[in-house]
Structures are given as structure tokens and as C-alpha cells.
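Written out below as C-alpha cells is the structure these notes cover.
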Amino acid sequence: MVDIDKCQMTRYPAEVLAQRAKPVEKIDDNIRQFVDKMFDLMIKYKGVGFAAPQAGVSLRLFIISLDGSREHLKVFVNPTVTPSGEFDTNEEGCLSVPGIYTKIRRYKQCAVTATDLDGNEFKDQGEGLYARALQHEYDHIEGMTILNRMSQTARIAHRKQLKKLQERGK
Ligand code: NI
8 MVDIDKCQMT
18 RYPAEVLAQR
28 AKPVEKIDDN
38 IRQFVDKMFD
48 LMIKYKGVGF
58 AAPQAGVSLR
68 LFIISLDGSR
78 EHLKVFVNPT
88 VTPSGEFDTN
98 EEGCLSVPGI
108 YTKIRRYKQC
118 AVTATDLDGN
128 EFKDQGEGLY
138 ARALQHEYDH
148 IEGMTILNRM
158 SQTARIAHRK
168 QLKKLQERGK
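In C-alpha cells:
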């Protein structure tokens, strides 16, 4: 059971962001309320995607809305993301790693299978920003952030901001 009132924006170096999240066992009102909370946090901090560990909850669940609208909100419970095709390198940021925008290499396309909030399994295909968002959010539930994906050069270039985040997390 997710304690919705305790959910808050969670940032590096919080341990929950480095853990492989656990499957959602039952899609019930608590999970639906938690998704509302995730959406609120995503909008408050102006993101286009948000994963459960970013709210401090280690569950395999993320949301994406590329234009930030509720109308276009997609919810992915227990997803499997399978990237394919060529690589594409583009600037990326993460609400849980504030102040760092850096080039991240991703696959151009990906397929996703997940369960929606009604408990129905669905499949989708993504490319461009959508494919990038799917891979970014999937990383979160696997215990990874852009910090695990950035180049050594970028890590050095952003060392001051990284140190600041580490100090703030103590
Ligand atoms: Ni992120």
C-alpha cells in the first residue's frame, strides 16, 4: 500500500532511485490515487515523464505525457521496454537530477508492453521523443538515471553540480 501523503519529489542521491523496483501486484484505487499524485508532481516540476521511484516508491510504474496534459497521459504498469534500431544522441534532463542537462545516447525506437489502470495489457511503439522518454522512465524502474548513462567527459564537466546534489542529499 502506497502512503500517498508521504510521496514527494525524490532526487539523487536517494537510495530508492538506485534500486530495481518491484512489480505492482494489484491495480486498485490506491495505485490509481498514486498515479494522480505522480501526475501532480510531474506537472509541478514541468516534466514529460515520471516514474514511481521519483516519488520515493519502489514500484514498476511510470507515466508519460509529452505535452504535459492529462488528456495525453499514458500510464505504464509493470512495463517491458524493448529498444531497437539505430542510436540517437540528444540532450536530456531528469527531475530527480536537477541542474544537469547532458547528451545521452538512446535507441531511436522502442516497443513497450504494459498494463493500464483498468488492468488491461497493451502494446505500443515509440520513436523520437516518445522512444527516448520510454527508455528514460524504464531506466528509473531498473534503478538507473541519466547519471548512469552520461559520458565520463560529461560527468567531469558537471562535477560541481553533482557534488552539490550529493551534499544536499546528506
Ligand atoms: Ni528522470
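Numbering (our numbering), first residue to last: 8 to 177. Cβ atoms here follow ideal geometry from the backbone N, Cα and C, with glycine treated the same way.
Out of K167, R112, S76, V82, which one is the CA nearest neighbour of R67? Relative to R67, the option among K167, R112, S76, V82 whose CA is nearest is V82.
Helix or strand or just coil, what does DSSP make of R139? Three-state DSSP puts R139 in a helix.
If I follow the unbroken beta strand (DSSP E) through D125, where does it start and stop? Following the DSSP letters along the chain, one finds D125 in no beta strand (DSSP E), marked with neither H nor E.
Can you list, in chain order, the residues of its chain with a C-beta nearer than 8 Å to that of N37? Leave out the 5 residues immediately preceding and following it. In the same chain as N37, and ignoring 5 residues on each side of it, the C-beta atoms closer than 8 Å to its own belong to M8, V9, I11, in chain order.
Classify G126: buried if its beta carbon has 16 or more other beta carbons within 10 angstroms, exposed otherwise. Per the 10 Å Cβ criterion, exposed.
Express the C-alpha separation of V88 and E128 in angstroms, rounding to a whole number. E128 and V88 have their C-alpha atoms roughly 14 Å apart.
With DSSP collapsed to three states, give me the class of V42. V42 falls in the helix class under three-state DSSP.
Drop a sphere of 10 angstroms on the beta-carbon of Y52, count the other beta-carbons inside from all chains shown, and report buried for 16 or more, exposed for fewer. Classification for Y52: exposed.
Closest to Q6 by CA distance: which of T120, G176, H147 is it? With the chain covering only 8 through 177, there is no way to say anything about residue 6.
With three or more beta-carbon pairs closer than 8 Å as the criterion, would you say the stretch 42 to 52 touches the stretch 12 to 20? At 8 Å Cβ cutoff, the stretches touch.
Locate the beta strand (DSSP E) running through L68, then write down its first and last residues. First-last of the beta strand (DSSP E) with L68: 68 to 71.
Report buried or exposed for H79, applying the criterion of at least 16 other Cβ atoms within 10 angstroms of its Cβ. H79 is exposed by the Cβ-count criterion.
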